[in-house]
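Numbering of the sequence shown is given in the numbering used here, commencing with residue 105 and proceeding in unit increments.
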Amino acid sequence: MPPAAMRLQNTMPFFSSSIIATTMLPIARPIIMTLGIFSFQWRWNDYIWPLLVLNDPKKYTFQVAIRSLVGAENINWTILIAASVISILPLLLVFLAFQRWILDSNLDSGLK
Numbered sequence: 105m106p107p108a109a110m111r112l113q114n115t116m117p118f119f120s121s122s123i124i125a126t127t128m129l130p131i132a133r134p135i136i137m138t139l140g141i142f143s144f145q146w147r148w149n150d151y152i153w154p155l156l157v158l159n160d161p162k163k164y165t166f167q168v169a170i171r172s173l174v175g176a177e178n179i180n181w182t183i184l185i186a187a188s189v190i191s192i193l194p195l196l197l198v199f200l201a202f203q204r205w206i207l208d209s210n211l212d213s214g215l216k
């Protein structure tokens, strides 16, 4: 039976692409955005795995490089704090870019 006839007789499969695209995806978009931000944050702040795997200081991630600024006898606090602030900037920019969709989900959740 062609899809147009199935739509007329209401025998269309439940999980068709049009139902997912028009109904489920807009509802799930804030959740997908939040999971994307959490995934980015988790990978950006990953410390243990790069510390174990990487041997070359040229290939260190930003967090491992920040740790290498701390010496055995002295700590240059100004560089350490400046590097920590710089490491927060990508996370802040990702959150600000997707903030609208996350906050819209809170406003839309109690409407229906």
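Backbone N, C-alpha and C fix where the C-beta goes; we use that ideal spot for every residue, glycine too.
Between the Cα of residue i and the Cα atoms of the options, which residue gives the shortest distance?
{"i": "I183", "options": "L173, P154 and V168", "result": "L173"}
{"i": "Q145", "options": "K163, Q203, F199 and S188", "result": "F199"}
{"i": "W205", "options": "M128, T127 and I135", "result": "I135"}
{"i": "T165", "options": "I179, R133, S188 and G140", "result": "S188"}
{"i": "R147", "options": "Q203, N180 and Q167", "result": "Q167"}
{"i": "I220", "options": "L129, F202 and A169", "result": "The requested residue 220 is not part of the displayed model; the chain covers only 105 to 216."}
{"i": "N149", "options": "N180, R171 and A176", "result": "R171"}
{"i": "L207", "options": "R133, E177 and S191", "result": "R133"}
{"i": "L195", "options": "T126, P130, I131 and I141", "result": "I141"}
{"i": "F202", "options": "M128, L139 and N180", "result": "L139"}
Can you tell me whether residue i is buried or exposed? The criterion is at least 16 other CB atoms within 10 Å of its CB, across all chains shown.
{"i": "M97", "result": "Look at the range of the chain in this structure, 105 to 216, and you will see that residue 97 is not part of it."}
Note down, one range per segment and in chain order, each alpha helix (DSSP H) of at least 4 residues found wholly within the stretch 158–191. Qualifying alpha helix (DSSP H) stretches, in chain order: 166–172.
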